[in-house]
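Engineer: If you scroll down you'll find the structure; I have some questions about it.
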Amino acid sequence: MWKKKKQNQREEQFARNRLFRFSFSFFLALYTLAGYASHTFYFNTNLIAAQKQNYELRLKQARSILMDEQSIDKENSATHYLLHFNAFMKAFITEEQGDYAAYRKVQDAALLHFDALPDSLAFKRLAQSDAYFFSATLKAKFEEFYGAARDVNRANTLINENHRLFPNFLPNNRTRGIINVYLSTVPDSYAWVVKMLGIDGDMRQGLGLLEELAHAAQDTGYMSLFAREAAYLYSFSLMHVAKNPAKAWSETLRCTNDYTTNLTSAYFRGAMAGKLNKNETVISILERRPASDEYEQFYFLDYLLGTAKLNRLDSTSITDLNQFYTHYKGRNYIKSCLQKMSWYYTLFGDTAKALEYQALIYDKGYKLNGDDKQAILYAAKVLPNSELLQTRLLYDGGYTKEASLVLYAVNYKRLASRQLKAEYCYRKGRILEKEGKMEDALTLYEACTLFGIDSKEYYAAYASIYLGDYYLHQGYYAKAKKFYQRALSFKSNREYKGSIEQRSKVGLSKLK
24 MWKKKKQNQR
34 EEQFARNRLF
44 RFSFSFFLAL
54 YTLAGYASHT
64 FYFNTNLIAA
74 QKQNYELRLK
84 QARSILMDEQ
94 SIDKENSATH
104 YLLHFNAFMK
114 AFITEEQGDY
124 AAYRKVQDAA
134 LLHFDALPDS
144 LAFKRLAQSD
154 AYFFSATLKA
164 KFEEFYGAAR
174 DVNRANTLIN
184 ENHRLFPNFL
194 PNNRTRGIIN
204 VYLSTVPDSY
214 AWVVKMLGID
224 GDMRQGLGLL
234 EELAHAAQDT
244 GYMSLFAREA
254 AYLYSFSLMH
264 VAKNPAKAWS
274 ETLRCTNDYT
284 TNLTSAYFRG
294 AMAGKLNKNE
304 TVISILERRP
314 ASDEYEQFYF
324 LDYLLGTAKL
334 NRLDSTSITD
344 LNQFYTHYKG
354 RNYIKSCLQK
364 MSWYYTLFGD
374 TAKALEYQAL
384 IYDKGYKLNG
394 DDKQAILYAA
404 KVLPNSELLQ
414 TRLLYDGGYT
424 KEASLVLYAV
434 NYKRLASRQL
444 KAEYCYRKGR
454 ILEKEGKMED
464 ALTLYEACTL
474 FGIDSKEYYA
484 AYASIYLGDY
494 YLHQGYYAKA
504 KKFYQRALSF
514 KSNREYKGSI
524 EQRSKVGLSK
534 LK
């Protein structure tokens, strides 16, 4: 009797435990499903206004709005999406380690929120893809190249899956477009990235996707936000990848007409004008950029302004260059800025100061981009010939007539070395080509290739490329091949090697 009672008690306890476990699991499932179901993604007017301020680089005001919106509706993932963009823009323009660390925390929080979105939302994979793509951009800046490649792969997988599921969702175009554009022109030194990703880019398709989105929305709704960003990227890609400067400038003017109130637009318009040798335009744009305390300090624009002023031999350029050098705590263009400050003192006859800033190049900044790598090479040279430097700067600024007058006063026969004679021929050839005197320019280019046979400078190699380009265009394919191959043959050259190799190989591929 006692054993039977004990057995009944055990069975009753087992049943109660089982009921409790079932009830707990059931209510936990309901709670979890309710949590997932409550996560949404929508843009209200406040969020659209905040993203507009993000683009303008009024990041503190934008973040204030976003934090208020987050306290009102904690389940709206669009708020996390824009907070992530806000942190990205901060880290992107400052390049400071602290801002990068803060961005990584915001990215982690955003990804957790995006994971909770239902798969039926087109914004879910878009947001996840963007988080990885922006992360890849910053990782590349901070030399985390393997992590950057891995994040590009994640972004690409997610955005293409989103396109498969939601083929008419136009915001997909931005990330799909920019990945296609830039993977279509990866230099040989980074071929391992493409191999690891297992994907190839398609420049034409990428540009088409960006153009479609950039021109899609003229309204003030959320689509206009994606269209604005695509427009920036489209104009940038036209210039730097598609090599279509006329269209790039036209698109830049279209999407940056608010540059006096939008610091991002001021950057894109000013940088593009600089690439197109519109030097006075650069100065006009950057001197009119918004500069109140509402905006982030974008010290790189001081570097661009100082460079543009130096191109016209303006004595006030040192103020802007020094502003960048003194206050910027990031990673890029510090060595390049020191090179330009050394040039400034060379031009204005202060050899001691020129040498002082030249020596600082070794110790300051990082050697990440092409301009900073060039500065390292400059640090090992004797100071440049002042007249040839003036010619270079004036030409780079688009002041061809003034450059020609300076060079006219140089006595070519008195130049002390073959290297200086190679530079003289190169500079004069560039001016003659710009003036439409192509036959004379060809003679100078070919003389440059002979003077620069053993030079460590880039002049002879680039002169060979210009000869190759000319003969290719004229249909003299044997001559074009000869000069493209000659461009690759200057083994002593240490400058612009990646660009020279890429342009020569592109020319040779066109001959096939």
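So for the sequence shown, our numbering puts the first residue at 24; every next one is plus one. Every residue gets a Cβ at the ideal spot worked out from N, C-alpha and C, and that includes glycine. Keep in mind that this is a model prediction, so the values were computed, not measured.
1) Please name the residue, chosen from F321, L134, K520, that lies closest to L82 on a Cα-to-Cα basis.
2) Taking C-beta to C-beta, are T414 and A426 nearer than 8 Å?
3) What is the rounded straight-line gap between the Cα of I178 and the Cα of T304?
4) Bridge partners of N99, per DSSP?
5) If distances are taken between C-alpha atoms only, which option among K502, A114, S143, L383 comes closest to S158?
6) Where does N334 fall in DSSP's three states?
7) Are three or more beta carbon pairs between the region 261 to 270 and the region 84 to 92 nearer than 8 Å?
8) Skipping 5 residues on each side, what residues in its chain have a beta carbon closer than 6 Å to that of A377?
9) Per the contact definition of three or more C-beta pairs closer than 8 Å, is the region 460 to 469 in contact with the region 495 to 502?
10) Give the secondary structure of N280 by DSSP, where H, G and I count as helix, E and B as strand, and everything else as coil.
11) Just tell me which of L336, A403, M246, A72 has its CA closest to the CA of D419.
12) Alpha carbon to alpha carbon, what distance is there between F474 and H350?
13) Starting from I182, trace the alpha helix (DSSP H) both ways and give me its first and last residue.
14) Would you call D477 buried or exposed, if buried means 16 or more other Cβ atoms sit within 10 Å of its Cβ?
15) Taking the beta carbon of R187 as the centre, do at least 16 other beta carbons fall within 10 Å, making it buried, or is it exposed?
16) When the Cα of N195 is compared with those of F146, A470, G224, which residue comes out closest?
17) Just to confirm before moving on: does the CB-CB distance between L417 and K451 stay below 8 Å?
18) For D96, is the classification buried or exposed, using 16 other Cβ atoms within 10 angstroms of its Cβ as the cut-off for buried?
19) Could you pull out every residue in the same chain whose Cβ sits closer than 7 Å to the Cβ of R453, ignoring the five residues on either side in sequence?
20) Under the three-state reduction of DSSP, which class applies to G244: helix, strand or coil?
21) Check whether the Cβ atoms of T275 and R292 lie closer than 8 Å to each other.
22) Got a sec? Which residues, its chain only, sit under 6 Å from S258 by beta carbon, not counting five neighbours each side?
23) Let me make sure I understand the geometry here. Which of D131, Y447, F189 has the alpha-carbon closest to that of L149?
24) Relative to the C-alpha of A133, which candidate in E118, A484, A110 has its C-alpha closest?
25) For K162, is the classification buried or exposed, using 16 other Cβ atoms within 10 angstroms of its Cβ as the cut-off for buried?
26) For the alpha helix (DSSP H) holding F347, just list the boundary residues, first then last.
Structural biologist: By the coordinates alone:
1) Of F321, L134, K520, the smallest CA-CA separation from L82 is found for F321.
2) Against a cut-off of 8 Å, the Cβ pair of A426 and T414 comes out as a contact.
3) First, the amino acid is wrong: residue 178 is Ala here, not Ile. Rounded to the nearest angstrom, the two C-alpha atoms are 37 Å apart.
4) In DSSP, N99 forms a bridge with T63.
5) When only C-alpha atoms are compared, the closest one is A114.
6) Under the three-state reduction of DSSP, N334 is assigned to helix.
7) Contact fails: fewer than three Cβ-Cβ distances are below 8 Å.
8) For A377, where only same-chain residues beyond five positions count, the Cβ hits under 6 Å are S365, Y368, T369, L406.
9) Verdict: no, contact absent.
10) Per DSSP, reduced to three states, the secondary structure at N280 is coil, with no helix or strand assignment.
11) Closest option to D419, judged by alpha-carbon separation, among L336, A403, M246, A72: L336.
12) Each residue's Cα considered, the two are about 42 Å apart.
13) 168 to 188 is the span of the alpha helix (DSSP H), which, as asked, contains I182.
14) That one is exposed.
15) The residue in question, R187, is exposed, as its Cβ has fewer than 16 Cβ neighbours within 10 Å.
16) The shortest Cα separation from N195 among F146, A470, G224 belongs to F146.
17) No, the pair does not count as a contact, with Cβ atoms beyond the cut-off.
18) Label assigned to D96: exposed.
19) Here the set comprises Y418.
20) Of the three classes helix, strand and coil, the one that applies to G244 here is coil, per DSSP.
21) T275 is a Cβ neighbour of R292, given a cutoff of 8 Å.
22) Excluding sequence neighbours, S258 sits near A271, E274, T275.
23) Here the closest residue by C-alpha is F189.
24) Proximity to A133 across E118, A484, A110 peaks at A110, based on C-alpha coordinates.
25) Classification of K162: buried, given that the 10 Å Cβ count is 16 or more.
26) Run containing F347: 340 to 350, per the alpha helix (DSSP H) assignment.
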